[in-house]
Amino acid sequence: MCSSDLYTAAAQALLADEDPYSVTNIRGWPYIYPPFFAVLISPFAQLPDPWPAGIFFWISVLCLLGSYCECRHLLDRIHQSGNTSRRRELIFLALAFAAALFPTLNCLQRGQVGLLLLYCLLLGVRLVLQPRGRQIWVLAGVILMIPVAIKLTPALPVACLAGMLLVQAVLRTHLRQRCLHLFAGLVLGGAMHFLLL
Numbered sequence: 558m559c560s561s562d563l564y565t566a567a568a569q570a571l572l573a574d575e576d577p578y579s580v581t582n583i584r585g586w587p588y589i590y591p592p593f594f595a596v597l598i599s600p601f602a603q604l605p606d607p608w609p610a611g612i613f614f615w616i617s618v619l620c621l622l623g624s625y626c627e628c629r630h631l632l633d634r635i636h637q638s639g640n641t642s643r644r645r646e647l648i649f650l651a652l653a654f655a656a657a658l659f660p661t662l663n664c665l666q667r668g669q670v671g672l673l674l675l676y677c678l679l680l681g682v683r684l685v686l687q688p689r690g691r692q693i694w695v696l697a698g699v700i701l702m703i704p705v706a707i708k709l710t711p712a713l714p715v716a717c718l719a720g721m722l723l724v725q726a727v728l729r730t731h732l733r734q735r736c737l738h739l740f741a742g743l744v745l746g747g748a749m750h751f752l753l754l
């Protein structure tokens, strides 16, 4: 039983109005993610055995490609700002590759959620950096809360990003609207992912 089988078993338990945390895999590892993730996986819970693992594999591949595209967008933005050199661009690409390497191996072999979390974080950062668009900044906050709702670990980079933007908003008045809308999106995303769903 790989992790994706454990996820679907937890989703089946949730749909049957049972405790998803009573589910374990063949190694005895229990389901440890919040109920939000079991709700996300619930459409795959009714499929026969090999299908959920295959679907989760291809979702991970799509998240890997999406993470690559988001890194390219961020790199293009850095390049357009004129505050970078070719060496810095190569360092950025190397760090992006290193960030995706180990989650990729776990996700594709064992059905882990690292690539999904990475893609959501990169997409949220890109949307926060959009020059204008109040709805986009709110959407960025909602998207950044998805990985936090799935696993607690991404709360640290999300908190660092929000803190950095808050400090910049205090120092630069033109960033206050962006900060306000991002925080509104984080609160809305937290309410949706932790309470409503």
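If you're matching positions, the sequence shown starts at 558 in our numbering and goes up one per residue.
The beta-carbon is built from N, C-alpha and C at its ideal position, and this holds for glycine as well.
Residue range of the unbroken alpha helix (DSSP H) whose run includes residue i
| i | result |
| --- | --- |
| Phe-594 | 592–598 |
| Ala-741 | 733–747 |
| Val-670 | First-last for Val-670: undefined, no H or E at that position. |
Coarse secondary structure for residue i, derived from DSSP in three states
| i | result |
| --- | --- |
| Pro-609 | helix |
| Pro-587 | strand |
| Thr-565 | helix |
| Thr-710 | coil |
| Arg-689 | coil |
| Gln-666 | helix |
| Gln-603 | coil |
| Arg-729 | coil |
| Ala-575 | Reading the sequence as shown, one finds Glu at residue 575 and not Ala. In the structure shown, Glu-575 sits in coil (DSSP, three-state: anything other than H, G, I, E or B). |
| Met-558 | Confidence at Met-558 is low in this model, with a pLDDT of 46, below 50, so its placement is unreliable and no value can be given for it. |
| Ser-642 | coil |
Proximity to residue i [Cα-Cα], best of the options
| i | options | result |
| --- | --- | --- |
| Leu-631 | Leu-752, Leu-686 and Gly-671 | Leu-686 |
| Leu-718 | Leu-672, Ser-624 and Arg-735 | Arg-735 |
| Gly-671 | Leu-650, Ser-624 and Leu-684 | Ser-624 |
| Gly-668 | Ala-726, Met-749 and Ser-617 | Ser-617 |
| Arg-629 | Asp-606, Leu-650 and Ala-657 | Leu-650 |
| Thr-581 | Glu-575, Pro-591, Leu-563 and Tyr-590 | Leu-563 |
| Ala-610 | Leu-665, Asp-574, Ile-589 and Arg-645 | Leu-665 |
| Ala-748 | Ile-589, Tyr-588, Met-721 and Val-705 | Val-705 |
| Gly-746 | Gly-690, Leu-732, Ala-726 and Cys-677 | Cys-677 |
| Ala-697 | Tyr-590, Leu-679, Leu-571 and Leu-647 | Leu-679 |
Residues bridged to residue i [DSSP beta-bridge criterion]
| i | result |
| --- | --- |
| Thr-581 | Pro-587 |
Exercise for the section: Please determine if the segment 689–702 and the segment 729–744 are in contact, where contact requires at least 3 C-beta pairs separated by less than 8 angstroms. Expected result: yes
Handout entry: Meets three-Cβ-pair contact criterion under 8 angstroms: the segment 649–661 and the segment 707–715
Key = no
Practice task
Taking 8 angstroms as the threshold, find out whether the segment 584–602 comes into contact with the segment 559–574 through three or more Cβ pairs.
Solution key: yes
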